[in-house]
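A.B. asks: So that we are looking at the same thing, I have put the structure below in structure tokens.
Protein chains: 2
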Amino acid sequence: MIETTAAATDADPVQACPIAPVVDLVFSRWTTPILWTLNEYGRQRFVELQRRIGVITPKVLTQRLRQLERDGLITREYFAEVPPRVEYDISPLGRSLAPLFHSLAEWSPNLAKVEAARIHFDTTQPPNRRP
Amino acid sequence: MIETTAAATDADPVQACPIAPVVDLVFSRWTTPILWTLNEYGRQRFVELQRRIGVITPKVLTQRLRQLERDGLITREYFAEVPPRVEYDISPLGRSLAPLFHSLAEWSPNLAKVEAARIHFDTTQPPNRRP
DNA sequence: CCGTATCCGGTTCGATACTG
DNA sequence: CAGTATCGAACCGGATACGG
């Protein structure tokens, strides 16, 4: 590596957490719903995505779709019709994330424990300082 | 379900992406490095975490630690010594995320493909509009 | 050592309006 | 239909300083 000091080595975020790059890639804002929807419902066009995701504005949806296309996780196909039609789909690389989504879905029942932990924390730990 | 209109059903973000709550919980900013470090290096104190993670400020680290403690993913133990000592550790619930982290680590070799896709995109797709 | 308090700058998001 | 342009606002997150 270029950095020579031990401090720099310790301070390297990737060193501290090797999975951080993957997280940034896959779990950035809006990327999860987009990939999930494409993986679950298959190839679809812009407005379908927008309606299924629910609240996202066209601007932000476009931004995220471009990003995911650039990263090779989704594909975009343009049809020069009137009215114009664009179809998005998940790519093979994007589909390779499916097991990951499956793991996440499998863990989701534990959310009940999280909710219980929050209630416990809020009822036992006062908002002010704690020893 | 309680919602009766189809529009509301379609617009429900959780409906659109059931794993979104888990993602928000586990992959919020800084939570991944914190959980990873605790899971990898075991019980440690505040400054150790701070040095391993690298660049995080005490304020933000405290915020995220509190959040994770409240969610039941980590534990905090205070020792009334001089100087005071605090030790954090991953909880059983937090440790149940380990397979997830493992899946992420397994996927990380694909980052090379992402990098290649970006280069391809940047060299073939002009910055201006595309059909 | 382990935080908390305050200020402040930058990203990012949403709302809105408009084009091909 | 599928975006793009512009604007304003909110939300972190970092720097700094201080307290138990």
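Residue numbers (the UniProt record's numbering), protein chains in the order written: chain U, 1 to 131; chain L, 1 to 131.
Think of the CB as a built atom: it goes at the ideal place given N, C-alpha and C, for glycine as much as any other residue.
(1) Decide if Tyr88(U) is buried, meaning its Cβ has at least 16 other Cβ atoms within 10 Å, or exposed.
(2) Please state the DSSP three-state secondary structure of Gln63(L).
(3) Is there at least one Cβ from chain U nearer than 8 Å to Pro21(L)'s Cβ?
(4) Under the rule that 16 or more other beta-carbon atoms within 10 Å means buried, what is Ile56(L), buried or exposed?
(5) Name, please, each residue of chain U whose Cβ falls closer than 8 Å to the Cβ of residue 146(L).
(6) Below 8 Å between beta carbons is the criterion; list the residues of the stretch 81-115 of chain U that meet it against any residue of chain L, in chain order.
(7) To the nearest angstrom, how far is the alpha carbon of Glu115(U) from that of Val82(U)?
(8) Closer than 8 Å, CB to CB, is Thr124(U) near chain L or not?
(9) In terms of residues, what are the limits of the beta strand (DSSP E) holding Arg85(U)?
(10) Quick check on the DSSP output: the beta strand (DSSP E) that includes Arg76(L) runs from which residue to which?
(11) Comparing the C-beta of Glu69(U) with each C-beta of chain L, is any distance below 8 Å?
(12) For the 8 Å Cβ check, are there 3 or more pairs between the stretch 63-71 of chain U and the stretch 107-124 of chain L?
(13) Find the residues of chain L that neighbour Phe27(U), judging by a C-beta separation of less than 8 Å, and give them in chain order.
(14) Considering only DSSP beta bridges, list what residue 173(L) is partnered with.
(15) Just how far apart, CA to CA, sit Thr75(L) and Ser91(L)?
(16) For a test of the three-state rule: what should DSSP assign to Asp122(L), helix, strand or coil?
(17) Cβ closer than 9 Å: which chain U residues qualify as neighbours of Thr62(L)?
(18) Work out the CA separation of Glu40(U) and Gln50(U) for me, nearest whole Å.
(19) Return no unless some Cβ of chain U is closer than 8 Å to the Cβ of Phe121(L).
(20) Below 6 Å CB to CB, which residues in the same chain sit around Pro58(L) once its five sequence neighbours on both sides are set aside?
(21) Here's the rule: buried if 16 or more other CB atoms are within 10 angstroms of the residue's CB, otherwise exposed. What is Leu111(L)?
(22) Just to confirm, is the Cβ distance from Thr32(L) to Ile19(U) under 8 Å?
(23) What's the C-alpha gap between Pro84(L) and Arg64(L)?
(24) Roughly how many angstroms lie between the CA atoms of Val43(L) and Leu35(U), to the nearest whole one?
(25) I'd like the list of long-range same chain contacts for Asp10(L), defined as Cβ closer than 7 Å, with 5 residues on each side in sequence excluded.
(26) Whose Cβ in chain U lies nearer than 7 Å to the Cβ of Gly42(L)?
C.D. replies: So, from the listed chains and residues:
(1) Taking the first residue of the first sequence as position 1, residue 88(U) is located at position 88. It counts as buried.
(2) The count along the second sequence starts at 1 and reaches residue 63(L) at position 63. Here Gln63(L) sits in helix by DSSP.
(3) Stepping through the second sequence from its first residue, residue 21(L) is reached at position 21. With 8 Å as the cut-off, Pro21(L) counts as an interface residue toward chain U.
(4) Residue mapping note: residue 56(L) aligns to position 56 of the second sequence, counting from 1. Under a 10 Å Cβ-count criterion, Ile56(L) is classified as buried, with 16 or more other Cβ atoms of the shown protein chains found around its own Cβ.
(5) Any answer about residue 146(L) is impossible in this case: the structure gives chain L only from 1 up to 131.
(6) Under the 8 Å Cβ criterion, the stretch 81-115 of chain U contributes Leu93, Ser96, Leu97, Pro99, Leu100, Phe101, Ser103, Leu104, Ala105, Trp107, Ser108, Asn110, Leu111, Lys113, Val114.
(7) Counted from its first residue, the first sequence places residue 115(U) at position 115. Counted from its first residue, the first sequence places residue 82(U) at position 82. Going by the C-alpha atoms only, they are around 50 Å apart.
(8) Position 124 of the first sequence, counting from 1, holds the residue named residue 124(U). Interface with chain L (8 Å Cβ-Cβ cutoff): Thr124(U) is excluded.
(9) As a working mapping, residue 85(U) is identified with position 85 in the first sequence. Annotation for Arg85(U): the continuous beta strand (DSSP E) segment containing it runs 85-90.
(10) The residue given as residue 76(L) occupies position 76 in the second sequence. Here the beta strand (DSSP E) through Arg76(L) covers 74-79.
(11) Numbered from 1 along the first sequence, position 69 holds the residue referred to as residue 69(U). Yes, Glu69(U) lies at the interface with chain L (some Cβ there is under 8 Å from its Cβ).
(12) Short answer: they touch.
(13) Sequence index remark: in the first sequence, residue 27(U) carries index 27 (1-based). Within chain L, the residues near Phe27(U) are Val23, Phe27.
(14) Given a span of 1 to 131 for chain L in the structure shown, any question on residue 173(L) remains unanswerable.
(15) In the second sequence, counting from the first residue as 1, residue 75(L) sits at position 75. In the second sequence, counting from the first residue as 1, residue 91(L) sits at position 91. A direct Cα-Cα distance of roughly 6 Å separates Thr75(L) from Ser91(L).
(16) Walking along the second sequence from the start, residue 122(L) turns up at place 122. Asp122(L) falls in the helix class under three-state DSSP.
(17) Translated into the one-based positions of the second sequence, residue 62(L) becomes position 62. Neighbours of Thr62(L) on chain U: none; closest Cβ ~12 Å, over 9 Å.
(18) The residue you call residue 50(U) lines up with position 50 of the first sequence. The residue you call residue 40(U) lines up with position 40 of the first sequence. Put simply, the backbone Cα of Gln50(U) is about 15 Å away from that of Glu40(U).
(19) Translated into the one-based positions of the second sequence, residue 121(L) becomes position 121. The beta carbon of Phe121(L) sits closer than 8 Å to some beta carbon of chain U.
(20) Walking along the second sequence from the start, residue 58(L) turns up at place 58. None.
(21) Translated into the one-based positions of the second sequence, residue 111(L) becomes position 111. Its Cβ having fewer than 16 others within 10 Å, Leu111(L) is exposed.
(22) Taking the second sequence and counting its residues from 1, the one referred to as residue 32(L) is at position 32. Taking the first sequence and counting its residues from 1, the one referred to as residue 19(U) is at position 19. Yes, these two residues count as a Cβ contact at 8 Å.
(23) For the purposes of this step, residue 84(L) is taken as the residue at position 84 of the second sequence. For the purposes of this step, residue 64(L) is taken as the residue at position 64 of the second sequence. When the Cα atoms are used, Pro84(L) and Arg64(L) turn out to be separated by approximately 20 Å.
(24) Residue 43(L) sits at position 43 when you count from the first residue of the second sequence. Residue 35(U) sits at position 35 when you count from the first residue of the first sequence. Looking at the sequence shown, residue 43(L) is not Val but Arg. Answer to the nearest angstrom: the Cα atoms are 35 Å apart.
(25) Residue numbering aside, residue 10(L) sits at position 10 when the second sequence is read from its first letter. Reliability fails at Asp10(L), whose pLDDT of 43 lies under 50, so the model's placement of it is uncertain and the value that follows must be treated cautiously. Correct list: empty, nothing qualifies.
(26) Counting from 1 along the second sequence, the entry for residue 42(L) is found at position 42. By Cβ distance, chain U contributes nothing, its closest Cβ being about 15 Å from Gly42(L), past 7 Å.
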